[in-house]
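For the sequence shown, the numbering used here assigns the number 40 to the initial residue and increments by one for each residue that follows.
To start, the structure under review is shown below, and the notes come after it.
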Amino acid sequence: MNKNPIPLFKVFMSEEAADNSKKVLQSGYITQGPVVDEFEKKLSRFFNVDKLITVNSATSGLHLIVHMLKNYGLTDDRVKIENDDDHILTTPLTCTASNWPILLNNVNLRWVDVDSKTCNMSLDDLQKKLTKNTKAVLIVHWGGYPIDLDKLRDIQNDFEKKHGFKFVIIEDSAHAFGAKYKENLIGSHGNINSFSFQAIKHLTSVDGGSVIFNNTEDFERSKLLRWYGIDRNENRKDFRCEEDIEEIGFKFHMNDVNASIGLSNFDEVTNNLLHIYIENAKYYQSELKDVNDLTLLDYSEDNSVPFWIYTIKVKNRDKFMLKMKEKNIITSRVHERNDIHSAVKKFKEKLPELDSFIDEMICIPVGWWVTPDDREYIVKTIKEGW
Ligand SMILES: *Cc1c(COP(=O)(O)O)cnc(C)c1O
């Protein structure tokens, strides 16, 4: 029996984070400045992209994306929400942070069913639900496991042949920091991406996020809209007073304190910790494959995935959870399906595939804090049955 519970999440905070943030705190300049620039450069190099901004959370980033889709249009096709029939197709199996920004922008959504093999959006159901009013598709890489981006691209190209524009692909990549689809990192596949640096994500800046754009106009506009619409680089007559604001914006920018913490954690996470998530998941993948009443998700070896959460399907899930709790192993479903909440009942629709496995899903500890002894203990405990 393990003495201490094996947690499902653990904050990684490097030794340097306290020192580096203290330097910023005492520097006399703590809001968005040179350290944010440095963090953005570091992230851009990591993802190999050149249109990345940081924001104060992924939720803010997603809000900004939908705001821009509604008011200005996005991507080279300048796709825009024009009327009440226009909508975003999205997955219900995610954090409310993925979907509430759509609704808070007064944009309509439609739920797409969920693939029981991966917990990602069902691309079959997506194809059935696309109409000329589908302006964007928001996907989540559940647990970090990439949705089939090539297939999604094919669907987008077919859609363009029929409707004359490409729906915007928004990747909510909060679970997928450091995950690779085939050879390349999630974030670098040419879609709009949102990442989170919240406390329990792979990389934390305490709170924070980033958005990657794929069009220069969008990227430049986003830098203004994240800070009231004010150009921080303009020449001013009075240093406190902005010149003209053409488009009103939010207060969504990151500050140098958060950026210094994100930077302090970056190297350890990307050089060492991500690898542990990958190895722990591989261990489960081989050790749990023939366990009674347990089904693994269907993960392709083509992708390299530091699973943020490791999801399995088990019969008698509640009994499974109880047994794990007794044995000091923390488990959870992590995110409630968004479509069942009263607040969104008007969007309700039948999602038979999600219904078919939602009662079997459960996530077990997989992160950097799970030692080889821990994971052996977890597998042994599961194999005892529940
Ligand atoms: C954590 C999370 C978010 C929100 O991130 P914040 O930075 O806390 O706003 C969004 N989507 C998913 C899928 C998440 O897991």
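Cβ coordinates follow ideal geometry from the N, Cα and C atoms, glycine included.
Shorter than 8 Å, the distance from the beta carbon of residue i to the closest heavy atom of ligand 1, or not?
i, result
"Glu101", "Before going further, note that residue 101 is Leu rather than Glu in the sequence given. Checking the Cβ of Leu101 against ligand 1 gives yes."
"His292", "no"
"Gln65", "no"
"Val245", "no"
"Lys240", "yes"
"Ala320", "no"
"Asp211", "yes"
"Cys134", "yes"
"Ala57", "no"
"Gly183", "no"
"Phe86", "no"
"Gly301", "no"
"His106", "no"
"Ser53", "no"
"Ala97", "yes"
"Ser233", "yes"
"Gln324", "no"
"Gly248", "yes"
"Phe236", "yes"
"Val21", "The question about residue 21 has no answer here: the residues shown for the chain are numbered 40 through 425."
"Val296", "no"
"Val179", "yes"
What residue from the options has the CA that sits closest to residue i's CA?
i, options, result
"Val405", "Thr255, Arg84, Ser371 and Glu256", "Ser371"
"Leu264", "Ala238, Ile45 and Phe291", "Phe291"
"Phe289", "Asp329, Pro345 and Val94", "Val94"
"Ser66", "Val296, Ser395, Asp413 and Val344", "Val296"
"Cys384", "Leu142, Asp398 and Thr114", "Inspection of the sequence shows that residue 384 is occupied by Lys rather than by Cys. Checking every option, the nearest Cα to that of Lys384 belongs to Leu142."
"Glu286", "Met107, Glu423 and Asp89", "Met107"
"Leu132", "Ser161, Asn144, Asn145 and Lys119", "Ser161"
"Ile225", "Phe236, Ser212, Leu169 and Val353", "Ser212"
"Pro185", "Asn342, Glu318, Phe359 and Ala382", "Asn342"
"Asp337", "Pro44, Thr129 and Gly182", "Gly182"
"Phe346", "Trp266, His214, Val146 and Val179", "His214"
"Ala35", "Val50, Ile45 and Pro46", "The chain is shown from 40 up to 425; residue 35 falls before or after that span and cannot be answered."
Pull up the distance between the alpha-carbon of residue i and that of residue j, whole angstroms please.
i, j, result
"Asn172", "Ile208", "14 Å"
"Asn304", "Ala175", "33 Å"
"Ile315", "Asp283", "50 Å"
"Glu388", "Val373", "22 Å"
"Lys81", "Leu302", "8 Å"
"Cys134", "Lys276", "45 Å"
"Tyr416", "Thr157", "25 Å"
"Asn110", "Lys119", "7 Å"
"Gly112", "Ile104", "10 Å"
"Asp398", "Val153", "13 Å"
"Ser53", "Asn319", "21 Å"
"Pro391", "Asn159", "14 Å"
"Asp125", "Ala97", "24 Å"
"Lys201", "Asp116", "15 Å"
"Lys205", "Asp329", "43 Å"
"Ser227", "Ile401", "30 Å"
"Arg149", "Asp412", "44 Å"
"Ala382", "Ala136", "14 Å"
Rounded C-beta distance between residue i and residue j? I'm assuming under 8 Å.
i, j, result
"Thr309", "Gly217", "7 Å"
"Gln324", "Leu312", "With 8 Å as the limit, Gln324 and Leu312 do not qualify as a contact, their Cβ atoms being about 19 Å apart."
"Trp425", "Lys362", "4 Å"
"Ile251", "Phe86", "7 Å"
"Lys419", "Phe258", "Contact flag wrong, Cβ pair sits at about 50 Å."
"Asn294", "Ile69", "6 Å"
Could you give the uninterrupted runs of the beta strand (DSSP E) lying entirely in the segment 342-422, keeping only those of 3 residues or more? Listed in chain order, the complete beta strand (DSSP E) runs (minimum 3 residues) inside the segment 342-422 are 349-353 and 400-403.
For a minimum of 3 consecutive residues, which ranges assigned as the beta strand (DSSP E) are wholly contained in the segment 96-163? Runs of beta strand (DSSP E) with 3 or more residues, each lying fully within the segment 96-163, are found at 126-129 and 147-150, listed in chain order.
Quick one: complete alpha helix (DSSP H) runs, 4+ long, within the segment 184-231? Entirely contained in the segment 184-231, the alpha helix (DSSP H) runs reaching 4 residues are, in chain order, 188-202.
With a floor of 3 residues, list each beta strand (DSSP E) that falls wholly inside the segment 230-279, ordered by position along the chain. Within the segment 230-279, the complete beta strand (DSSP E) runs of at least 3 residues are 231-235 and 248-251.
4-residue-minimum alpha helix (DSSP H) runs that sit fully inside the segment 43-68, ordered along the chain: The segment 43-68 contains these whole alpha helix (DSSP H) runs: 54-64.
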